Amino acid sequence: MKDKLLEAWSKMLSKLDHWLDSIIIALPNFIIAIIVFTFVLILSKQINKLVLKLLDRSSMQRSMKNLISKLVSAVVVIIGLFIVLGILNLDKALNTVLAGAGVLGLAVGLALQGALANFYSGVVLSYIHFFKYGDWIESNGYEGEITNIDLRSVTLKQSDNNLVYIPNKMVVDSPIKNYSTTAQSRVILKCGVHYDSDLKFVRDLVVKTIVERFDAVTSKQEVIFMYNEFADSSINFETRFWIKSTSALQVAKAKSEAIIAIKEVFDANDINIPFPIRTLDFPEGFLGGNAQSEVSAQGPSNE
């Protein structure tokens, strides 16, 4: 038993000695591999910057430039990885990995369907010419300025300065409202006046106020004014006009300014903007009768 233990101990020492020799022999290659891979990482960053600089001369939109530069950088890193594996004499291991990449790729593809869909959608969004950095858009219930388009999500900066990250697939599959594709936006304002109001005078006054307050509106013909409803307590109207705008925030500000201006001229001309009033009619003596009965019921007991 003792001899077997000594023999096993001797074999283990021999094996460790062999491993140590292998490590010492491979140590220069390992150091070279680290140096080469570090150099490749630095080179990929520099190539990324160089490709971006070259693409800046083209008319290609910024998101596509970033995508191409990242892909080129990734290709450089992959080539460097192959070189490192060759230095470490792991070519056979690499062939084995590549042989099993088909089955592994199928499994990974099924597990990462969402990520791959976002990747593909990111490529599509980077190529679309009417969807670019700085545009003010509305999609999936969110509204804001596009500050970034990467291979995973679209970043929107909202009017309250918060950032929203929407997965690329959701943006591609949903309607997109882009306020920046045109230089003009329409302001739609709804209001109501009292039934006693002079409707023609109200119409002329609102149109005149819009023309005077907004520089983009040059004539009365550019303002659309329509009465559209006999409501419970008012006659409602709608007015529409165009302003120079590339964002929903500018439209909201113009609408606010129009509300202030219309309210001022209505007050100056004694035009009433009514609000709903609810009138409750009780039968004659409904409250008084109850009070009288309570008094008469309490009278005898007090005496």
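The opening residue of the sequence shown carries number -11 in our numbering; numbering runs sequentially from there. Every residue, glycine too, gets a C-beta built ideally from N, C-alpha and C. All values derive from a computational prediction rather than experimental measurement.
C-alpha distance - residue i paired with residue j, whole-angstrom precision
{"i": "I71", "j": "K41", "result": "27 Å"}
{"i": "G74", "j": "L38", "result": "28 Å"}
{"i": "D123", "j": "P16", "result": "53 Å"}
{"i": "N156", "j": "F254", "result": "48 Å"}
{"i": "N21", "j": "I116", "result": "Position check: residue 21 holds Ala in this sequence, whereas Asn was assumed. Approximately 41 Å between the Cα atoms of the pair."}
{"i": "E131", "j": "S109", "result": "19 Å"}
{"i": "I259", "j": "F189", "result": "10 Å"}
{"i": "I56", "j": "L177", "result": "45 Å"}
{"i": "L76", "j": "F18", "result": "6 Å"}
{"i": "E291", "j": "P264", "result": "Caution is warranted here: a pLDDT of 39 is assigned to E291, below 50, making its placement in the model unreliable, and the coordinate value is therefore given only provisionally. Cα-Cα distance, rounded: 50 Å."}
Extent of the continuous beta strand (DSSP E) run through residue i
{"i": "Q238", "result": "Segment A236 to A256 is the alpha helix (DSSP H) holding Q238; no beta strand (DSSP E) there."}
{"i": "T227", "result": "I223 to K232"}
{"i": "Q172", "result": "Q172 to V181"}
{"i": "S127", "result": "W124 to S127"}
Among the options, the one whose alpha carbon lies nearest that of residue i
{"i": "E210", "options": "G132, W230 and D203", "result": "W230"}
{"i": "L104", "options": "F213, D138 and N77", "result": "D138"}
{"i": "S235", "options": "F107, I134 and F18", "result": "I134"}
{"i": "S61", "options": "Y167, L29, N136 and S46", "result": "L29"}
{"i": "F218", "options": "C179, S207, A246 and T206", "result": "C179"}
{"i": "N106", "options": "V160, N149 and S244", "result": "V160"}
N- and C-terminal bounds of the alpha helix (DSSP H) containing residue i
{"i": "L292", "result": "Look at the range of the chain in this structure, -11 to 291, and you will see that residue 292 is not part of it."}
{"i": "N156", "result": "N156 to D161"}
{"i": "R140", "result": "Segment: none, R140 is in no alpha helix (DSSP H) and carries neither H nor E."}
{"i": "K196", "result": "L187 to R201"}
Residues of its chain near residue i, where Cβ-Cβ distance is below 8 Å and the 5 sequence neighbours each way are ignored
{"i": "Q172", "result": "A204, W230, I231, K232 and S233"}
{"i": "P163", "result": "S127"}
{"i": "V175", "result": "R228, F229, W230, I231, V239, A242, K243 and A246"}
{"i": "F25", "result": "G68, L69 and V72"}
Contacts around residue i, its chain only, beta-carbon distance under 6 Å, and the 5 residues preceding and following it disregarded
{"i": "P292", "result": "This structure cannot settle anything about residue 292, because the visible part of the chain is limited to -11 through 291."}
{"i": "S289", "result": "Any reading at S289 is ruled out, since the residue's pLDDT is 40, under 50, leaving its predicted position unreliable."}
Residue i - partner residues in DSSP beta bridges
{"i": "F218", "result": "I223"}
{"i": "I134", "result": "L144"}
{"i": "N166", "result": "I125"}
{"i": "Y153", "result": "T143"}
{"i": "F213", "result": "T227"}
Own chain partners of residue i with C-beta closer than 7 Å, once the 5 adjacent residues on each side are dropped
{"i": "S114", "result": "S51, M52, L55 and I137"}
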